[in-house]
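To start, the structure under review is shown below, and the notes come after it.
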Amino acid sequence: MGVNRREFLKIAGISTLFGLGGKAAIEVLAPGELEARTEALPLTEGKRWAMVVDAHKMDDALMDKCIEACHREHNVPDLGNPKEEIKWLWKEDYHHSFPGQQHEWIAEDIKHKNFLLMCNHCTNPPCCRVCPTQATWQREDGIVMMDQHRCIGCRFCMAACPFGARSFNWGDPRRVMTVEKLKELNPNFPTNRDYPTRSKGVVEKCTFCTERLAKGQIPACVEAANAVKEGAMFFGDLSDPDSEVRGVLKKHYTIRRKPELGSGPNLFFIV
Amino acid sequence: MYDGGKIIVGLIIGVGLLLSPFIYNAGTAAKAPDPELTPKAKEAKVCVKSKAYMTANHFSLLDVWRHTVVRDGERYFKAEDGKIYYKSLQVTCMDCHSNKSKFCDQCHDYLNIDPYCWDCHIEPEEK
């Protein structure tokens with residue numbers, strides 16, 4: 006028999022007394038090792054990505070442009086059935102976007118307006134807390150990322166997300182290439198041959214275009230919106246006090262979706 | 022031994038049946054296929070690592086790449102000769118090795134491996 010529990014606790018207790026446990030031990034035995042692993046990621050160090058949408062400048066046509074740009078970029082299929090809808094970027098009216106900030110006498114133009122919604126990349130993301138495989142997690146720069154390689158399709162994250170920002174692949178998304186009716190809805194699918202599709206049984210959502218950020222580009226929706234109307238959307242680093250988003254947030258009154266839940270959405274709307 | 026003759030005949034038939042697939046296929050063993058290089062890959066001469074390493078460990082490399090890209094956001098790979106590569110199976114690897122059926126599938130079929138990469142990642146269009 007090896008060490009039993011009682012003996013182990015005794016040894017652990019005595020070694021702690023002599024300062025041989027935990028971080029101190031690692032510092033003595035392998036100096037610098039622990040430090041190196043807890044360092045921020047090189048690409049994302051000190052960043053806190055956020056997005057601001059100017060609802061005054063947004064109309065349905067422009068939102069559709071943004072949605073199309075996003076869905077083309079990321080090979081998001083239109084499955085022609087709301088029950089199977091895959092959403093990265095979508096439109097929703099005020100009442101459903103901001104249920105806590107709704108009342109009978111809200112201004113007419115706001116009442117009937119659609120808002121461009123996506124994953125809020127929350128500061129305190131509830132989806133990441135429930136994921137059993139860490140297939141979704143928060144990056145150092147605040148982006149709530151998905152690892153499709155690791156997703157087991159349990160859909161806990163979908164239940165946890167209060168914003169409906171996550172979609173499940175009930176079937177192979179590539180069936181749009183074989184079913185005649187879907188083929189018409191998705192011409193040239195996959196539209197971006199440099200980006201993967203998803204497979205059956207995984208959850209997907211907006212990733213703030215991490216693949217574009219890595220190349221120094223801004224998210225596809227922001228690019229598409231600003232190409233038509235300058236200043237319709239902003240994207241930037243909240244941790245930098247001189248950044249454009251911080252300037253915009255300082256200047257305009259903005260609202261967020263369901264702030265009362267405490268998840269800390271990083272998607273702001275100028276209303 | 023009662024019914025010895027029947028037992029021995031039965032044994033011979035049984036062993037014969039057991040060995041029949043081996044006898045039938047004897048001498049016709051499929052040759053291990055050789056991965057074919059595209060003109061572009063031939064011209065480049067070097068891959069991201071040595072040929073010996075890539076032959077033996079390409080999947081380990083891909084596994085490290087997918088982990089570091091997706092989870093750590095490190096999207097660039099510095100080869101030993103200093104050249105920087107964008108870490109992507111679909112964009113970088115398959116750009117040179119655009120002949121998937123001759124470069125990947127041949128061997129994978131021979132070894133009866135069916136990697137699920139292509140459930141999501143898009144195969145290059147082959148002419």
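Listed in order, the protein sequences are those of chains A and B. Under our numbering, the first residue of the first sequence carries the number 6, and numbering increases by one thereafter. Under our numbering, the first residue of the second sequence carries the number 22, and numbering increases by one thereafter. Every residue, glycine too, gets a C-beta built ideally from N, C-alpha and C.
To the nearest angstrom, report how far apart residue i and residue j are at their CA atoms.
| i | j | result |
| --- | --- | --- |
| proline 201/A | aspartate 116/B | 15 Å |
| glycine 94/B | isoleucine 143/B | 21 Å |
| isoleucine 275/A | valine 57/A | 7 Å |
| leucine 48/A | tryptophan 86/B | Confidence at leucine 48/A is low in this model, with a pLDDT of 48, below 50, so the placement of that residue should be treated as unreliable; the coordinate-derived value is given next. Using only the alpha carbons, I get a separation of about 16 Å. |
| glycine 37/B | glycine 26/B | 16 Å |
| leucine 39/B | asparagine 120/B | 40 Å |
| glutamate 97/A | leucine 121/A | 7 Å |
| histidine 79/A | lysine 116/A | 31 Å |
| lysine 63/B | alanine 73/B | 16 Å |
| glycine 267/A | serine 172/A | 22 Å |
| lysine 61/B | isoleucine 33/B | 57 Å |
| tryptophan 175/A | glutamate 209/A | 11 Å |
| proline 192/A | valine 69/B | 35 Å |
| glutamate 145/A | lysine 108/B | 20 Å |
| tyrosine 23/B | asparagine 46/B | 36 Å |
| aspartate 247/A | leucine 82/B | 40 Å |
| lysine 255/A | valine 184/A | 50 Å |
| tryptophan 95/A | valine 67/B | 45 Å |
| aspartate 3/A | tyrosine 99/A | Summary: the structure shown does not reach residue 3/A, with chain A confined to residues 6 through 276, and so no result is reported for it. |
Could you tell me whether any Cβ in chain A is nearer than 8 Å to the Cβ of residue i?
| i | result |
| --- | --- |
| aspartate 140/B | yes |
| valine 69/B | no |
| isoleucine 134/B | no |
| isoleucine 143/B | yes |
DSSP has residue i in a bridge; who is on the other side?
| i | result |
| --- | --- |
| isoleucine 260/A | Phe274/A |
| aspartate 152/A | None, per the DSSP bridge assignment. |
| leucine 121/A | Lys96/A |
| phenylalanine 98/B | Tyr106/B |
| phenylalanine 80/B | According to DSSP, phenylalanine 80/B bridges with nothing at all. |
| threonine 141/A | Met151/A |
| aspartate 59/A | Ile275/A |
| methionine 238/A | Val58/A |
| serine 172/A | Glu209/A |
Closest Cβ-Cβ distance between residue i and chain B: below 8 Å?
| i | result |
| --- | --- |
| threonine 196/A | no |
| glutamine 143/A | no |
| aspartate 316/A | The shown model of chain A, from 6 to 276, leaves out residue 316/A, and the question about it has no answer. |
| aspartate 247/A | no |
| valine 135/A | no |
Among the options, which one has its Cα closest to the Cα of residue i?
| i | options | result |
| --- | --- | --- |
| proline 145/B | Lys205/A, Val57/A and Asp199/A | Asp199/A |
| asparagine 125/A | Ile275/A, Gly269/A and Val276/A | Gly269/A |
| threonine 138/A | Glu90/A, Val207/A, Ile111/A and Asp177/A | Val207/A |
| serine 244/A | Arg11/A, Trp54/A, Glu12/A and Gly169/A | Trp54/A |
| cysteine 159/A | Glu78/A, Cys133/A, Arg179/A and Asp146/A | Cys133/A |
| histidine 76/A | Gly85/A, Arg217/A, Trp110/A and Trp93/A | Trp93/A |
| alanine 66/A | Asp242/A, Lys234/A, Leu272/A and Asn271/A | Lys234/A |
| glutamate 147/B | Ala65/B, Asp126/B and Tyr131/B | Asp126/B |
| alanine 77/B | Lys108/B, Ala51/B, Pro56/B and Ile34/B | Pro56/B |
| glycine 169/A | Lys263/A, Asn193/A and Asp114/A | Lys263/A |
| alanine 156/B | Leu110/B, Glu101/B and Tyr131/B | Lying before the first or after the last residue shown, residue 156/B is absent from chain B, which here runs from 22 to 148. |
| cysteine 114/B | Glu101/B, Cys138/B, Asn133/B and Arg92/B | Cys138/B |
| proline 280/A | Lys205/A, Ser204/A and Met182/A | With chain A running from 6 to 276 in the structure shown, residue 280/A is simply not present. |
| cysteine 156/A | Asp146/A, Ile148/A, Val135/A and Gly147/A | Val135/A |
| histidine 129/B | Val30/B, His79/B, Lys72/B and Lys66/B | His79/B |
| methionine 150/A | Lys15/A, Glu265/A and Cys211/A | Cys211/A |
| threonine 141/A | Gly147/A, Leu218/A, Asp69/A and Asp152/A | Asp152/A |
| histidine 118/B | Leu58/B, Gly48/B and Ile34/B | Leu58/B |
| aspartate 102/B | Thr49/B, Ser71/B, Gly48/B and Ser109/B | Ser71/B |
| valine 81/A | Glu216/A, Asn197/A, Glu249/A and Lys255/A | Asn197/A |
| glutamate 73/A | Val253/A, Cys162/A, Leu190/A and Lys205/A | Leu190/A |
| isoleucine 91/A | Asp177/A, Asp114/A and Ala225/A | Asp177/A |
| phenylalanine 124/B | Pro136/B, Pro54/B, Tyr23/B and Val112/B | Pro54/B |
| cysteine 162/A | Arg251/A, Arg217/A, Gln143/A and Asp83/A | Gln143/A |
| lysine 205/A | Glu89/A, Gln222/A, Ser248/A and Val250/A | Glu89/A |
| histidine 61/A | Asp242/A, Asp114/A, Lys186/A and Asn271/A | Asp114/A |
| valine 90/B | Asn271/A, Glu216/A and Val253/A | Glu216/A |
Is residue i close to chain C, meaning its C-beta is less than 8 Å from at least one C-beta of that chain?
| i | result |
| --- | --- |
| glycine 48/B | Any reference to chain C falls outside this structure, whose protein chains are A and B. |
Checklist entry - Between the stretch 214-233 of chain A and chain B, which residues of the former have CB atoms less than 9 Å from a CB of the latter, in chain order? => result Thr215, Glu216, Leu218, Ala219 and Lys220
Checklist entry - Can you list, in chain order, the residues of the stretch 80-113 of chain B whose Cβ is nearer than 7 Å to any Cβ on chain A? => result Arg87, Val91, Arg92, Asp93, Gly94, Glu95, Arg96, Gln111 and Val112
Item to check | Near-chain B residues of the stretch 145-171 of chain A (beta-carbon distance less than 9 Å), N- to C-terminal order | outcome: So the list reads Glu145, Asp146, Ile148, Met150, Met151, Asp152, Gln153, His154 and Arg155, given in the order they occur along the chain.
Checklist entry - Which residues, in chain order, does the stretch 197-208 of chain A contribute to contact with chain B at a C-beta distance below 7 Å? => result Arg198, Asp199, Pro201, Thr202, Arg203 and Ser204
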